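Visitor: Residue numbers (the UniProt record's numbering): 1 to 214.
Glycine residues also receive a C-beta, built at the ideal position from the N, C-alpha and C atoms.
Model, not experiment: these values are computed from the prediction.
The structure's right below; bear with me while I get my questions together.
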Amino acid sequence: MKKIIALSSLMLVLISCRSTDPYTGEEKVSSTTKGAVGGAVAGAVVGQLAGKDTKSTLIGAAAGSAAGAGIGYYFDRQEAALREELARTGVGVRRVGEDRLELIMPGNLTFKSGSSAIAPGSYEVLNSISKVLEEFDETSIAIGGHTDNTGSDNINDALSQERADAVYYYLNGRGVAKARMSSRGYGSAQPIADNSTKDGRAQNRRVEIQIVGN
């Protein structure tokens with residue numbers, strides 16, 4: 001019972017740490033806090049298995065909380081830096097969980113129709129992304145190319161891979177290590193909008209960059 005009370009008290013302290021989302025104005029539990037809570041639970045389980053007493057449980061919870069909070073805080077800062085750099089560029093920034101970010105780059109921003117050559121107008125955007133990726137280098141980066149369903153699968157698969165590779169090599173040229181990155185073309189297999197409309201097809205022609213904690 002003492003272990004349950006002690007751990008519950010720690011959880012309540014962590015969850016009470018709330019912040020205001022600077023983009024929506026809503027009050028929420030920060031990603032740092034969520035990571036701390038998740039880490040505390042995992043750490044407590046490990047501590048309990050190792051020591052089978054209240055002290056071991058709390059030590060495990062505290063260590064897990066610190067690790068989880070560190071991951072959440074790291075990605076909080078990285079997300080803020082990306083949003084600041086990419087404001088009003090048309091690139092979407094989405095947080096997925098505590099240790100994953102997704103950048104969605106519309107094809108009309110990055111490439112001309114049917115081409116895998118990066119449009120000069122997007123250099124500044126990619127430079128901003130590479131700047132943040134270099135600063136927050138404890139991550140892995142997966143670059144995915146996507147197309148609409150116009151044309152054959154053979155053409156779309158090849159074009160999407162070429163576009164993903166083009167972004168891969170551009171970021172590497174700006175200092176992002178190859179060892180951190182991978183690239184893959186998905187063709188038209190993963191639409192995010194309705195391909196029967198012009199606007200939907202435009203949304204589906206895109207490059208996504210997923211940033212994942214190591």
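Does residue 183 come out as helix, strand or coil in the three-state DSSP assignment?
Guide: Looking at residue 183 - three-state DSSP - the assignment turns out to be strand.
Visitor: At what residue ranges does the stretch 115-166 contain a whole run of the alpha helix (DSSP H), taking only runs of 4 or more?
Guide: Qualifying alpha helix (DSSP H) stretches, in chain order: 123-135.
Visitor: Could you check how far apart the C-beta atoms of residue 149 and residue 195 are, in whole angstroms? I think they sit under 8 Å.
Guide: Right, the Cβ-Cβ distance comes to about 5 Å (below 8 Å), so this counts as a contact.
Visitor: To the nearest angstrom, report how far apart residue 87 and residue 172 are at their CA atoms.
Guide: Using only the alpha carbons, I get a separation of about 23 Å.
Visitor: Since residue 203 is in the alpha helix (DSSP H), which residue starts that stretch and which ends it?
Guide: From DSSP, the alpha helix (DSSP H) with residue 203 extends over 198-204.
Visitor: Restricting to Cα atoms, I'd like to know which of 190, 209, 77 is closest to residue 201.
Guide: That would be 190, whose Cα lies nearest to the Cα of residue 201.
Visitor: Straight-line CA distance for residue 99 to residue 212?
Guide: Between residue 99 and residue 212, the C-alpha separation is close to 6 Å.
Visitor: Would you give the residue range spanned by the beta strand (DSSP E) that residue 92 belongs to?
Guide: That run of the beta strand (DSSP E) goes 92-95.
Visitor: Count the other CB atoms within 10 Å of the CB of residue 152; is the residue buried (16 or more) or exposed (fewer)?
Guide: Exposed, since its Cβ has fewer than 16 Cβ neighbours within 10 Å.
Visitor: If I measure Cβ to Cβ from residue 182 and keep anything under 6 Å in the same chain, skipping five residues before and after, which residues do I get?
Guide: Correct list, in chain order: 142.
Visitor: Below 6 Å CB to CB, which residues in the same chain sit around residue 178 once its five sequence neighbours on both sides are set aside?
Guide: Closer than 6 Å at the Cβ level, and outside the excluded window around residue 178, lie 172.
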